[in-house]
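So the structure is just underneath, and the comments pick up after that.
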Amino acid sequence: MSFPGGSRELDPAFEEFVRARSPALLRTAFLLVGDRGHAEDLLQTTLLRVAWRWSAASAQPEAYARRVLVNLTRDRWRNLSRRVRERHQADLPQLAALDSADRIAERDALVQALRLLPTRQREVIVFRFYADLTVADTARVLGCTEGTVKSYTNRALSRLRELLGEHREIEVQK
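Below is the structure:
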C-alpha cells in the first residue's frame with residue numbers, strides 16, 4: 352500500500368496509536384455490529400483510512416477513527432437493510448446456554464438487545480456507556496446535537512430495559 356507522498360513508511364505516532372487503541376476500537380466495533388468477524392473487518396478498514404489521512408487525523412486520531420468506524424458501520428447496516436428488508440428475531444444468534452457462565456449469558460443478552468435497537472440508538476449507547484464519551488463528545492462523533500444524543504439515550508435505555516426484562520441483574524445506569 353502506498354501512502355500520500357509515495358512513502359511506504361508509517362508514521363511512528365500512527366503505529367503507537369494502532370498498538371494502544373486497536374483493542375478498544377475493536378470492542379467498540381463489536382458492540383456496534385455484534386459480530387467479531389465483521390468488527391475485525393471494520394477495524395482494519397478504519398485503520399487503513401486513518402493511516403491514509405494521518406496528517407489530518409493525527410491531531411485527534413481516536414475521534415477521527417471513531418467517526419470513520421461509525422460511518423463504516425452505518426454503510427454496512429444500510430447495505431444489509433437493502434438486501435434483507437425484514438429480519439426476524441429467529442435469525443439472531445441465541446443466548447449462550449452456559450449454566451456456569453452467567454456473565455457470558457448476560458453479555459450475550461446485552462449484545463443481542465443492542466442489535467435490536469435502531470442504529471442511532473445503538474451508536475449512542477455504545478459511545479456514551481461503553482466508550483464513556485460525554486454527551487458533547489458523542490454528539491461530535493455522531494454528527495448531531497447534544498439534545499439528540501440525550502433523546503436517543505433515553506429511548507435506547509427504555510428499550511433496553513424492556514428487552515432485558517428477564518435479565519434484571521443487568522443494570523443500565525444513566
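Each residue of the sequence shown is one higher than the one before, counting from 352 in our numbering. The C-beta atom is built at its ideal place from N, Cα and C for all residues, glycine as well.
Where the alpha helix (DSSP H) through residue i begins and ends
i, result
"GLN472", "470-476"
"GLN395", "387-403"
"GLU360", "Looking at the DSSP string, GLU360 is not in any alpha helix (DSSP H), and its letter there is neither H nor E."
"ARG491", "486-493"
Cα-Cα separation between residue i and residue j, rounded to whole angstroms
i, j, result
"ALA447", "GLN463", "Because the pLDDT at ALA447 is just 39, under 50, the model does not fix this residue reliably, and the point stays unresolved."
"ARG387", "ARG466", "13 Å"
"ALA414", "GLY494", "12 Å"
"LEU511", "ARG458", "13 Å"
"GLY516", "ALA364", "45 Å"
"SER409", "LEU484", "19 Å"
"SER393", "LEU420", "One point to set straight first is that residue 393 is Leu, not Ser, in the sequence displayed. For LEU393 and LEU420, the distance between alpha carbons rounds to 7 Å."
"VAL401", "PRO412", "7 Å"
"GLU513", "TRP405", "42 Å"
"THR499", "PHE368", "30 Å"
"LYS501", "VAL384", "22 Å"
Assigned exposure category for residue i - 16 Cβ within 10 Å defines buried
i, result
"ASP426", "exposed"
"THR496", "exposed"
"PRO374", "exposed"
"ALA407", "exposed"
Pair within 7 Å by beta-carbon distance, residue i and residue j
i, j, result
"LEU423", "THR379", "no"
"ARG418", "VAL492", "yes"
"LEU382", "TYR481", "yes"
"ALA507", "VAL486", "no"
"TYR503", "ARG473", "no"
"LEU398", "ALA390", "no"
DSSP three-state assignment for residue i, whether helix, strand or coil
i, result
"GLY498", "helix"
"LEU515", "coil"
"GLN463", "helix"
"ASP483", "coil"
"ALA456", "helix"
Residue i CB to nearest heavy atom of the ligand MG below 6 Å
i, result
"ARG400", "For the ligand MG, the structure offers nothing, since it holds no ligand at all."
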